[in-house]
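Participant: Heads up, the sequence shown is in our numbering, so the first residue is 243 and it goes up one at a time.
Just so you know, even glycine gets a beta-carbon here, dropped at the ideal spot from N, CA and C.
Structure incoming, see below.
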Amino acid sequence: MTDELPTFTIADLEQLTGLDVASFDNDDAVDLGLIAVAVIREGDRNLAVQIMVGDEPAFRANLKNTGSGNDPWLAGKAAVARHFAEPSLLVKLRQEEAGTTLEQQGLDFETYRAHGGSVPIRIDGVVVGTITMSGEPDVVDHAAAIETVRRYLAR
Numbered sequence: 243m244t245d246e247l248p249t250f251t252i253a254d255l256e257q258l259t260g261l262d263v264a265s266f267d268n269d270d271a272v273d274l275g276l277i278a279v280a281v282i283r284e285g286d287r288n289l290a291v292q293i294m295v296g297d298e299p300a301f302r303a304n305l306k307n308t309g310s311g312n313d314p315w316l317a318g319k320a321a322v323a324r325h326f327a328e329p330s331l332l333v334k335l336r337q338e339e340a341g342t343t344l345e346q347q348g349l350d351f352e353t354y355r356a357h358g359g360s361v362p363i364r365i366d367g368v369v370v371g372t373i374t375m376s377g378e379p380d381v382v383d384h385a386a387a388i389e390t391v392r393r394y395l396a397r
């Protein structure tokens, strides 16, 4: 495990703004989740992963010492990815660049957490789910989520 944190720019994140697929159901969520577990284990990361299909959790794994303490972060990051139809880290960086916060836009921190780690899943441009990770610094969460999406698309 490396101590150097990944870095992202807005331009980097605009290259992969989500998982665009023709269909996505619970079985697909499990396939995506198993890829996520492999990515987490390969990186020896302390991460929880949750994949939502619509508003329902279809896959959840808590690796190492993650657990219910990650629940608000998983839910909050996923809420951002769903609301903005963009990765949660992209929303965070755009907020920082603009000098604004979600709270200033009327979005409560307990519900919406603009931190890296969540990527929307879309069919025909419509968000139908999310993959979200939590447990490490948010850029590490996000890097693991992006690597999972890349591997899923490449299979």
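Which residue from E328, T390, A321 puts its Cα closest to that of G367?
Facilitator: Checked all of E328, T390, A321; the closest Cα to G367 is E328.
Participant: Among the residues of its own chain, which have a CB less than 7 angstroms from the CB of Q337, if the five just before and after it don't count?
Facilitator: Cβ neighbours of Q337 beyond the five flanking positions: T343, L344, A356.
Participant: Hey, would you say V295 sits closer than 8 angstroms to A303, going by beta carbons?
Facilitator: Result no, Cβ atoms of V295 and A303 do not sit closer than 8 angstroms.
Participant: Could you tell me if L247 is buried or exposed, where buried requires 16 or more neighbouring beta carbons within 10 angstroms of its beta carbon?
Facilitator: The residue is exposed, with fewer than 16 neighbouring Cβ atoms inside 10 Å.
Participant: Along the chain, which unbroken stretches of the beta strand (DSSP E) at least 3 residues long are found entirely within the stretch 349-384?
Facilitator: Taking only runs of at least 3 residues, the beta strand (DSSP E) segments lying wholly in the stretch 349-384 are 360-365, 368-376.
Participant: DSSP has P299 in a bridge; who is on the other side?
Facilitator: P299 pairs with M294.
Participant: Check whether the Cβ atoms of V391 and V369 sit closer than 8 angstroms, and answer yes or no.
Facilitator: No. Outside cutoff.
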